[in-house]
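For reference, the structure is listed below as structure tokens.
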Amino acid sequence: MRIDIITVSPELIKSPFEHSIIKRGIDKGIVEVHFHDLRNYGINKYGKIDDYQFGGGAGMVLMIEPIDKCISALVDQRSYDEVIYMTPDAKTLNQQTANKLSSAKNIIILTGHYKGVDQRVREKFVTKEISIGDYVLSGGELAAAILCDAVIRLIPGVLGDETSALTDSFQDNLLAPPVYTRPSTYKNMKVPDILLSGNFPKIEEWRHEEAVKRTKNIRPDILNTTNE
Ligand code: ADE
């Protein structure tokens, strides 16, 4: 998969791609990530990329021309499955969206800043808008990094243990069950006997029951939903 990230703060977003699972995906050649500094497409020699909003009001708006130039340069070279705009005024990211995106070949992620982007960008270039939650960040960079993490770890070959992404929370509209490791007793706190029994069908049953219990308690809203 190739991911092109358009941003006004490339330095802010680079770090998560240099560590852990995302780095592993990149090192294995399964995913490549390219950062594009929007200022390189600015409309004057100072790299102007934003302006006041028409109609008045506080906050600067990213202009259409630099974004058009950047996206057009990318689209001229290859076709993209999605042009994604990170914004709080969109549907919230969930595991199903991450699953779908993990099979894309090329995606562009546009990160907003200030008051956002000129609406015409959203109408003309953007094919999917994603929020990471009902709160407002200073920019879309961290949101884009979160989206990339959620997607990249699902691409086959990125995680060492192929099955571990399948047992994550949300994969089947359930939160993950509790997990334990050694020692089996710590300061009188015991691991549930069933996990030490070696009876794997029973262990699976127990895990499912615990997952349902946890979901009913904490996130009843995701039980029996289709996720989108
Ligand atoms: N940009 C600012 N806030 C955001 C959010 N919650 N999700 C995605 N992009 C954002």
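Mapping of the sequence shown onto this note's numbering: residues 65 to 292, in sequence order.
All residues carry an ideal CB built from backbone N, CA and C; glycine is no exception.
In this text, all values refer to a predicted model and were calculated from it rather than measured experimentally.
{"Query": "To which residues does DSSP link S195 through a beta bridge?", "Result": "T156"}
{"Query": "From which residue to which residue does the beta strand (DSSP E) around L174 run?", "Result": "170–175"}
{"Query": "Does the Cβ of P265 have 16 or more other Cβ atoms within 10 Å, making it buried, or fewer, making it exposed?", "Result": "exposed"}
{"Query": "Keeping to the same chain, check which residues put their C-beta closer than 8 Å to that of N237; ignore five residues upstream and five downstream.", "Result": "T279, I286, L287, N288, T289, N291"}
{"Query": "By the three-class DSSP mapping on this structure, what secondary structure does N291 have?", "Result": "Because N291 sits at a pLDDT of 48, beneath the cut-off of 50, its placement in the model cannot be relied upon, and the point is left open."}
{"Query": "Taking the continuous alpha helix (DSSP H) assigned at T279, which residues delimit it?", "Result": "264–282"}
{"Query": "Taking C-alpha atoms, which residue in P247, R271, A208 lies nearest to T231?", "Result": "R271"}
{"Query": "What does the alpha-carbon distance come out to for the pair S143 and D153?", "Result": "26 Å"}
{"Query": "How long is the line joining the alpha carbons of A214 and I148, rounded to whole angstroms?", "Result": "15 Å"}
{"Query": "Looking only at its chain, what residues have a beta carbon closer than 7 Å to the beta carbon of K362, apart from the 5 residues adjacent to it on each side?", "Result": "In the structure as shown, the chain starts at 65 and stops at 292, and residue 362 therefore has no counterpart that could be examined."}
{"Query": "Can you tell me whether M150 is buried or exposed, with buried defined as 16 or more other CB within 10 angstroms of its CB?", "Result": "buried"}
{"Query": "Assign L22 to one of three DSSP states: helix, strand, or coil.", "Result": "Summary: the structure shown does not reach residue 22, with the chain confined to residues 65 through 292, and so no result is reported for it."}
{"Query": "Can you give me the C-alpha to C-alpha distance between V95 and I67, rounded to a whole angstrom?", "Result": "8 Å"}
{"Query": "Among the residues of its own chain, which have a CB less than 6 Å from the CB of V190, if the five just before and after it don't count?", "Result": "V147, Y149"}
{"Query": "Which full runs of the alpha helix (DSSP H) of 4+ residues lie inside the segment 73–107, going along the chain?", "Result": "74–78, 84–91"}
{"Query": "Determine the extent of the beta strand (DSSP E) in which D115 is found, giving its start and end residues.", "Result": "114–116"}
{"Query": "Could you tell me the alpha carbon to alpha carbon distance between A122 and K179, rounded to whole angstroms?", "Result": "8 Å"}
{"Query": "Looking at M65 and A229, is the spacing between their C-beta atoms short of 8 Å?", "Result": "no"}
{"Query": "I think I219 touches I196, with their Cβ atoms under 8 Å apart; what is that distance to the nearest whole Å?", "Result": "Their Cβ separation, rounded to whole angstroms, is 19 Å, which puts I219 and I196 out of contact at 8 Å."}
{"Query": "Going by DSSP, what residue range makes up the alpha helix (DSSP H) through V185?", "Result": "183–188"}
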